[in-house]
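A.B. asks:
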Amino acid sequence: MDVARHQLAALWGAQPAAFGSAVGELARALARLDQFEFPITVVPAVQTVFTQRAATMPPAQQAAYRDLARSLQQPEFLRDFVQDPRDAAMIRNSIAITMLTGSSKENVYPAEASAVVDLRLLPGEDPEAVIAKLKQVM
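Going by numbering that gives the first Met the number 0, the sequence shown opens with residue 0, and the numbers climb by one from there.
(1) Cutting at 6 Å between CB atoms, please list the residues of its own chain near R27, excluding the five before and the five after it.
(2) Is R91 near I39, with beta carbons less than 8 Å apart?
(3) How would you call P57, buried or exposed, if buried means at least 16 neighbouring beta carbons within 10 angstroms?
(4) Report the rounded CA-to-CA distance for P84 versus V48, giving the unit in angstroms.
(5) Answer yes or no: do P122 and V41 have a C-beta to C-beta separation smaller than 8 Å?
(6) Output needed for H5: all residues of its chain with C-beta closer than 6 Å, excluding positions within five of it in sequence on either side, in chain order.
(7) In angstroms, rounded to a whole number, what distance separates the CA positions of L118 and A95?
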């Protein structure tokens with residue numbers, strides 16, 4: 000998904016623009032995006048998975064996984080839970096900045112810079128609403 004594109008005038012590197020650069024603008028937008036975290040959401044299918052897993056856990060841990068949404072509100076539980084990237088990916092949308100483009104020469108400020116991100120949505124999420132939120136963040 001191409002989510003960020005900034006255009007300004009192309010200039011030689013020896014003549015930096017007083018008004019900024021396409022790469023600089025894009026970098027600032029991507030930094031905001033990189034720091035953004037989607038809210039935690041436990042969809043019914045994920046709760047079912049963890050309810051089934053709970054049956055094989057020690058009794059002291061079973062209750063936490065049977066009500067995952069409530070348990071994830073506890074900072075210690077959340078910290079431990081997201082240590083496993085597979086589990087973390089099941090409770091919130093994820094985004095990864097994967098491609099950047101800019102100048103084809105080392106001494107030219109590009110007229111345009113763009114980025115592509117890999118966006119993974121939980122079931123039931125509205126892609127248009129998520130994209131609108133990401134544009135707001137950037």
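Just so it is clear, CB atoms sit at the ideal spot from N, CA and C, and this is done for glycine as well. Every value quoted in this text rests on a predicted model; they were computed, and no experiment measured them.
C.D. replies: Taking the geometry as given:
(1) Closer than 6 Å at Cβ, skipping near neighbours: no residue.
(2) Yes. Within cutoff.
(3) Within a 10 Å sphere around the beta-carbon of P57 sit fewer than 16 other beta-carbons, which makes this residue exposed.
(4) Straight-line Cα distance between these residues: approximately 16 Å.
(5) In this structure, V41 does not lie closer than 8 Å to P122 by Cβ.
(6) Because H5 carries a pLDDT of 49, less than 50, the predicted location of this residue cannot be relied on, and the following value inherits that uncertainty. Exclusion of the five residues before and after H5 leaves A21, E24, L25 and A112 as the residues of its chain whose Cβ lies within less than 6 Å of its Cβ.
(7) Put simply, the backbone Cα of L118 is about 7 Å away from that of A95.
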